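Working notes, beginning with the structure itself.
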Amino acid sequence: MVVQREWIPQSIDVSAPSMARTYDFLLGGAHNFAVDRDLAAHVERVMPDARSAARVNRAFLGRAVRFMTDRGIKQFLDIGSGIPTVANVHEVAQAVDPECRVVYVDKDPIAVAHSELMLADNDRATMVHADMRDPRSILDHPETRALLDFDQPVGVLMLMMLHWVPDSDDPWELVARYRDALAPGSHLAITHVTADGQDERLSEVTGLIQQSRSADQLTERPHDRVSALFGDFDLVEPGLVGCAAWRPTGRGDVSDSSAMNTVIYAGVGRKP
547 MVVQREWIPQ SIDVSAPSMA RTYDFLLGGA HNFAVDRDLA AHVERVMPDA RSAARVNRAF
607 LGRAVRFMTD RGIKQFLDIG SGIPTVANVH EVAQAVDPEC RVVYVDKDPI AVAHSELMLA
667 DNDRATMVHA DMRDPRSILD HPETRALLDF DQPVGVLMLM MLHWVPDSDD PWELVARYRD
727 ALAPGSHLAI THVTADGQDE RLSEVTGLIQ QSRSADQLTE RPHDRVSALF GDFDLVEPGL
787 VGCAAWRPTG RGDVSDSSAM NTVIYAGVGR KP
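The opening residue of the sequence shown carries number 547 in this note's numbering; numbering runs sequentially from there.
Right under this line is the structure:
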């Protein structure tokens, strides 16, 4: 119990699931509660391959970051970074170039607390506690400005985030505000859950989340609505595709379940 208390902020409501903590559990992490594991168990009863979808998304993160570093990006803004696990953005980017700088952003207190511990000795990476729905609180944050130069290209990641933003909050206008703040040559990576080509199991999972009392509610979107999030950015090849189909490099990038390879759209856009 003593160890557990070190990473549980006092303000946390442990009676309601968090999708950040549920995702952490699906990835094999330890920073989650019984209520998160219970929701994950319900999800896995409906969609037994859910863990592989989480893994495929995580593998895309590494490929997207390496793609950006190969094109000269040395600074990254990871919005909705979640609870740290293996192959985090700074680990991938700084393995290529130790000078790379990374700002993580999340609203989940546990994600923030654990990230701060992980980054305590890394002066080229930091954590900002903020909600992505308030771009200025992120873009103008002193920690962000200390590490990122928005006059130079930035790699922005919004992975498994925008499907938690309902249409009523206009995610297209929201993402546009981030795109407008970026210099030409910047890149934007997005992954987003879709019902395209999926069966009734995804609808059941959406219903489970609705019933769970989680503050996070899933909005699946079709290809054209996800593509619109990139605005006038040029989608790099192969465009907006199922997560596993975006420049896979090995078996670890692909699920044995065809549905889990396509339930998440993935794409990277470049600002002209």
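Using N, Cα and C, we set each Cβ at its ideal position, and we do this for glycine too.
Since we're looking at a predicted model, the values are computed, not measured.
Unbroken alpha helix (DSSP H) run spanning residue i, endpoints
i: glycine 608; result: 596–616
i: methionine 664; result: 655–664
i: leucine 693; result: 688–693
i: glutamate 750; result: 746–757
i: serine 683; result: 681–685
i: arginine 793; result: Arginine 793 -> no alpha helix (DSSP H), and no H or E assigned at all.
i: leucine 585; result: 580–592
i: glutamate 637; result: 635–642
Residues that residue i bridges to, as DSSP identifies them
i: glycine 701; result: Phe622 and His733
i: tryptophan 724; result: The question names tryptophan, yet the displayed sequence has tyrosine at residue 724. DSSP, once it has assigned bridges, lists no residue as partnering tyrosine 724.
i: tyrosine 650; result: Asp624 and Met673
i: leucine 781; result: Gly815
i: glycine 788; result: Tyr811
Residue i - DSSP class collapsed to helix/strand/coil
i: alanine 812; result: strand
i: histidine 769; result: helix
i: arginine 551; result: Residue confidence for arginine 551 is low, a pLDDT of 47 falling below 50, so the modelled location carries little weight; the figure read from the coordinates is stated next. DSSP places arginine 551 in helix when its eight states are reduced to three.
i: histidine 738; result: strand
i: methionine 565; result: helix
i: proline 717; result: helix
i: glutamine 763; result: coil
i: glycine 574; result: coil
i: methionine 806; result: helix
Under 8 angstroms between C-beta atoms of residue i and residue j
i: isoleucine 736; j: leucine 781; result: no
i: glycine 575; j: isoleucine 629; result: yes
i: arginine 679; j: leucine 720; result: yes
i: valine 592; j: valine 560; result: no
i: histidine 577; j: isoleucine 684; result: no
Residues near residue i in its chain [Cβ-Cβ closer than 7 angstroms; skip 5 each side]
i: valine 658; result: Asp652, Met673 and His675
Close Cβ partners of residue i (< 8 angstroms) along its chain, the five nearest in sequence each way excluded
i: valine 787; result: Tyr811, Ala812 and Gly813
Cβ shell of residue i (< 6 angstroms), same chain only, five flanking positions each side left out
i: proline 712; result: Thr765
Residue-level contact to chain D via CB, residue i, 8 angstroms cutoff
i: glutamate 590; result: Among the protein chains of the structure shown there is no chain D, as only one such chain exists.
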